[in-house]
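Structure record follows, encoded as structure tokens.
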Amino acid sequence: YDGLMTYGKTMPVQIRIENHGADLEGIIAVNAYDSLLNYNRYEVALTLAQGSTKEILIPIRVGSQQKIFTVEVLQDGEKICAVNAAPEQLINPSSMLIGVLSPDPKDLSYMNITMETDDLLRSEYSQIVPLSLASFPNSANLLNAFGLLVVDGYDISVFSEEQKDALYTWLNAGHVLIVGGGAQAGITYPAFTELTGILPGQVSQ
Numbered sequence: 007y008d009g010l011m012t013y014g015k016t017m018p019v020q021i022r023i024e025n026h027g028a029d030l031e032g033i034i035a036v037n038a039y040d041s042l043l044n045y046n047r048y049e050v051a052l053t054l055a056q057g058s059t060k061e062i063l064i065p066i067r068v069g070s071q072q073k074i075f076t077v078e079v080l081q082d083g084e085k086i087c088a089v090n091a092a093p094e095q096l097i098n099p100s101s102m103l104i105g106v107l108s109p110d111p112k113d114l115s116y117m118n119i120t121m122e123t124d125d126l127l128r129s130e131y132s133q134i135v136p137l138s139l140a141s142f143p144n145s146a147n148l149l150n151a152f153g154l155l156v157v158d159g160y161d162i163s164v165f166s167e168e169q170k171d172a173l174y175t176w177l178n179a180g181h182v183l184i185v186g187g188g189a190q191a192g193i194t195y196p197a198f199t200e201l202t203g204i205l206p207g208q209v210s211q
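The C-terminal residue of the sequence shown carries number 211 in this note's numbering, and the numbering is unbroken.
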């Protein structure tokens, strides 16, 4: 999510690994703090041919603030590579995450409510997270991190079947999706209707 990370929610760690050696079979692992004293270790089997590149997405749940994440590659139980990565921005964990699918998500930045911009002093914060075809979750588990999704001028028909299934499951669980037309209304609305059966401009249950 463009370097955005929070804790208390399931978030994705995307890893790109290039193999400049022999064929590799091993494990790729990430440690995430469950509390200040304990951490969970997330491991995924890794098979990578010589000279090839692979992108791996690991959903992790961080229980307390963590500024550095270490990704390890192990072969036969031995660590052969380790890389540290830091999120570009840590989001207040009390903020509601708003996933935004839009050609220009900055147009929706007014949805960001922080301690500095909370004019009504409600202590209810929100943070938009720009999403794309590549970063939109393909599991309801990852989608559950979002309290709200906004689609504005975006063709969701290009989603993979896994992404469509995740969105459908997320909606059926009672979550909220706001669909705006914009210049792409002729594309956005039919794709949304195909997914949900809901017609724009009509009241549906």
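Beta carbons are placed, not taken as given, at the ideal position from N, Cα and C, and that holds for glycine.
**Request:** Out of Asp124, Thr194, Ile62 and Ser108, state which residue places its alpha-carbon closest to the alpha-carbon of Pro18.
**Result:** When only C-alpha atoms are compared, the closest one is Ile62.
**Request:** Give every residue of the same chain whose Cβ lies closer than 7 Å to the Cβ of Arg47, excluding the five residues on either side of it in the sequence, and list them in chain order.
**Result:** The answer, listed in chain order, is Ala35 and Asn37.
**Request:** Whole angstroms is fine: what's the gap from Leu149's alpha carbon to Thr76's?
**Result:** Each residue's alpha carbon lies about 24 Å from the other.
**Item:** Inter-residue Cα distance where the pair is Leu126 and Gly57
**Value:** Their Cα atoms are separated by approximately 56 Å.
**Prompt:** If you draw a straight line from the alpha carbon of Ala179 to that of Thr202, how long is it in whole angstroms?
**Reply:** If you take the alpha carbons of Ala179 and Thr202, they lie about 13 Å apart.
**Asked** Can you give the Cα-Cα distance for Gln20 and Glu78, rounded to whole angstroms?
**Response** Distance between the alpha carbons of Gln20 and Glu78 is about 13 Å.
**Whole-angstrom distance between Leu114 and Pro99, CA atom to CA atom** = One Cα belongs to Pro99, the other to Leu114, and the distance between them is close to 20 Å.
**Message:** On the DSSP letters alone, give me the boundaries of the alpha helix (DSSP H) that Tyr174 sits inside.
**Reply:** In the DSSP assignment, Tyr174 falls within the alpha helix (DSSP H) that extends over Glu167 to Asn178.
**Message:** For Ser223 and Leu43, I'd like the C-alpha separation in whole angstroms.
**Reply:** The structure shown does not extend to residue 223, since the chain is modelled only from 7 to 211, so the question has no answer here.
**Item:** Backbone secondary structure at Val68 - three-state DSSP
**Value:** Coil, per DSSP.
**Backbone CA spacing between Leu155 and Pro143 [nearest angstrom]** = Rounded to whole angstroms, the separation of the alpha carbons of Pro143 and Leu155 is 12 Å.
**Among Gly9, Cys87 and Glu49, nearest to Glu24 - alpha-carbon criterion** = If we check each option's Cα against that of Glu24, Cys87 comes out closest.
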